[in-house]
Ligand SMILES: Cc1cc2nc3c(=O)[nH]c(=O)nc-3n(C[C@H](O)[C@H](O)[C@H](O)COP(=O)(O)OP(=O)(O)OC[C@H]3O[C@@H](n4cnc5c(N)ncnc54)[C@H](O)[C@@H]3O)c2cc1C
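In the numbering used here, the protein residues as written are 12 to 317.
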């Protein structure tokens, strides 16, 4: 049964091609709601027993080659509004690109949100991942979120509900973030603009941003795990990848970048399974050589080809 909704319903949507890795399978059904009422209606009609996956801009996700069963929901342009409320506050739809949120903030002379300028993907994904860079993360700027639960009921979420920690939030996977209010500080336009320019330059110098990639493959290990493994407590994930011979390591069309070895890239012909096998190989080496568990930061969703 196809839900009766106003938004876009696409069967066999080629999601892999849309992901930042540019590979992987299709979604059985992709729904892009027309507005929040439409989203609520879809959730009410979609059977609870059928799988439901929430997608953002797919900048942090590998779609496995066999694709995704059930329905996927992706907030598009209808949820991409960014409004400056005053000299401190911004309200944005969770389909808005992080770069657009940062650009609106800088234009309004609001500082503190410029870290978002270099984080690809949508505000919804940034909230779910507690995305961060250069010493700031979503947790530092979040005031509140409007969401919608699996039953289609709108809910208000305060930051404490999300229990945000390093690249992690703690609400059910099927909860959809719809819009959020963020707080910055009133600052001079030129100062904020200069910081954005610096962030862009640093990324360009140190990350393979022109490649098909998904950002950091592994989260930085915590100090306790590193200590247990007999490694320096401030070691970063990229340094672990380096130590296990990961820089430039290739499986099929997947490679750990030479430029930033915690970034995995699709060199052209990678399958999602090449990417996942490469990540697993690195994690196995870290476990074998140091007894250290490296945890994937990149989400892997969908089915393998059987
Ligand atoms: C070149 C590059 C550089 C990067 N640098 C950084 C960085 O510096 N810091 C950093 O933190 N990340 C970085 N990333 C990773 C990525 O940009 C972030 O994780 C981003 O927040 C992902 O957003 P997305 O919309 O693409 O999410 P997706 O990859 O689509 O999804 C990620 C998660 O968010 C959930 N989600 C998405 N939208 C919603 C919603 N509306 N409601 C509820 N859940 C939702 C999904 O279910 C999934 O669990 C980088 C990626 C790339 C490609």
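Think of the CB as a built atom: it goes at the ideal place given N, C-alpha and C, for glycine as much as any other residue. Here the structure is a predicted model, which means the values were calculated and not measured.
Spanning the alpha carbons of residue 162 and residue 313 requires a straight line of approximately 23 Å. The beta carbons of residue 67 and residue 115 sit no closer together than 7 Å.
Residue 39 and residue 21 have their C-alpha atoms some 8 Å from each other.
DSSP, read as helix, strand or coil, puts residue 218 in coil. Residue 81 places its beta carbon 7 Å or farther from that of residue 108.
Secondary-structure assignment with DSSP links residue 31 through no beta bridge to anything.
Residue pairing by DSSP places residue 268 opposite no residue, since no beta bridge is assigned to it. Shown here, residue 140 sits in a helix according to DSSP, grouped into three states.
Judged by beta-carbon spacing, residue 265 lies within the 7 Å limit of residue 281, meaning their Cβ atoms are closer than that value.
Pairwise C-beta distances place the stretch 266-276 in contact with the stretch 217-230, as three or more of them are shorter than 8 Å.
Distances between the C-beta of residue 69 and the heavy atoms of ligand 1 include at least one below 6 Å. In the DSSP assignment, residue 165 forms a beta bridge with 159.
Residue pairing of residue 22 in beta bridges, as defined by DSSP: 40. Taking 6 Å as the cut-off, the C-beta of residue 249 does not count as close to any heavy atom of ligand 1. Residue 287 holds the alpha-carbon nearest to the alpha-carbon of residue 229 among 204, 287, 86 and 167. Here DSSP, grouped into helix, strand and coil, assigns residue 310 to strand. DSSP places residue 192 inside the beta strand (DSSP E), whose first and last residues are 187-194. Our two residues, residue 197 and residue 124, have alpha carbons roughly 11 Å apart in a direct line. One thing to note: residue 32 has its Cβ within 7 Å of the Cβ of residue 277.
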